[in-house]
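In terms of the working numbering, the sequence shown opens at residue 131 and continues consecutively. Every residue, glycine too, gets a C-beta built ideally from N, C-alpha and C. No experiment lies behind these values; they were computed from the predicted model shown. One structure is given here, and the rest of the page talks about it.
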Amino acid sequence: MTEGVNPYQPVMTPENSVVADVDGDVHFAASQSQLRFAESQYLLRQHSFRLFFGSLAMIACSMIAIALILWRFPNPFSFVAALIGTMVVSSGLYLAMVHKAKMKIREQLRTHGLVQDYQCTIRLDPDQVVLTSPLGVYAWRNAKVKVYRTRKGVLLCPEPFLFVFVPKTSNFIDASYNEFRKRLFNR
């Protein structure tokens, strides 16, 4: 019997794993829940205007729909049905607003080797941030990398639809998480 395999995730082989002696400031591997948390934080920070105005529009439309239904059918059952219906429609529209961005993000993460449980390394050079992942070495100039602090770690955004999430629980080589974070913000 075969085990379930995710067809979108590259197969882990010895040549795909980062060797422990790779020079860097932090070795890390993000779990599936950490990646989903980072994805939601990325979407909130990079698409905040779209989400804000979309949410306002959905709230206004929901209020109008509930008012019209109550005006036409003034009973408690209609109110509950209208409330549940508008919540379901609003949730679907909210997910639709970010669906395309999520697909682009996940594709970029796979392309750069930033998938669940893959060992990666970040090195902070004076003028660039260098990521060593199982699929290669990537470098971005410091000025191009946006850095955000979250409650579970640090989110680096070097390119559109790409983020690197360094969890607080990572293996920091010469410093603690707080010192690493300060170095990121003081670049």
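Output the distance between the C-alpha atoms of residue i and residue j, rounded to the nearest integer angstrom.
i, j, result
"A305", "C250", "17 Å"
"V294", "L285", "6 Å"
"A269", "Q246", "21 Å"
"T299", "A159", "9 Å"
"K312", "H177", "25 Å"
"F314", "F209", "Here residue 314 is Leu; the residue named in the question, Phe, does not match the sequence. Distance between the alpha carbons of L314 and F209 is about 51 Å."
For the putative contact between residue i and residue j, defined by C-beta atoms under 8 Å, what is the C-beta separation to the nearest angstrom?
i, j, result
"Y248", "P264", "5 Å"
"R253", "D155", "6 Å"
"V260", "V267", "7 Å"
"K234", "F167", "Actually they do not touch by this definition, with Cβ atoms about 18 Å apart."
Counting along the chain, where does the alpha helix (DSSP H) carrying residue i start and finish?
i, result
"L200", "178 to 202"
"A159", "No alpha helix (DSSP H) holds A159; DSSP gives it neither H nor E."
"Y278", "It is not in any alpha helix (DSSP H) - Y278 instead sits in the beta strand (DSSP E) that spans 276 to 279."
With DSSP as the reference, identify every bridge partner of residue i, one or two as the case may be.
i, result
"R166", "Note: R166 sits in no beta bridge, so no partner."
"G283", "P297"
Starting from residue i and walking both ways along the beta strand (DSSP E), at which residues does that stretch end?
i, result
"L244", "L244 -> no beta strand (DSSP E), and no H or E assigned at all."
**Prompt:** If we count Cβ pairs, one from each stretch, closer than 8 Å, do we get three or more for the region 193 to 213 versus the region 223 to 230?
**Reply:** For the pair of segments examined, the region 193 to 213 was found not to touch the region 223 to 230: the number of CB pairs separated by less than 8 Å stays below three.
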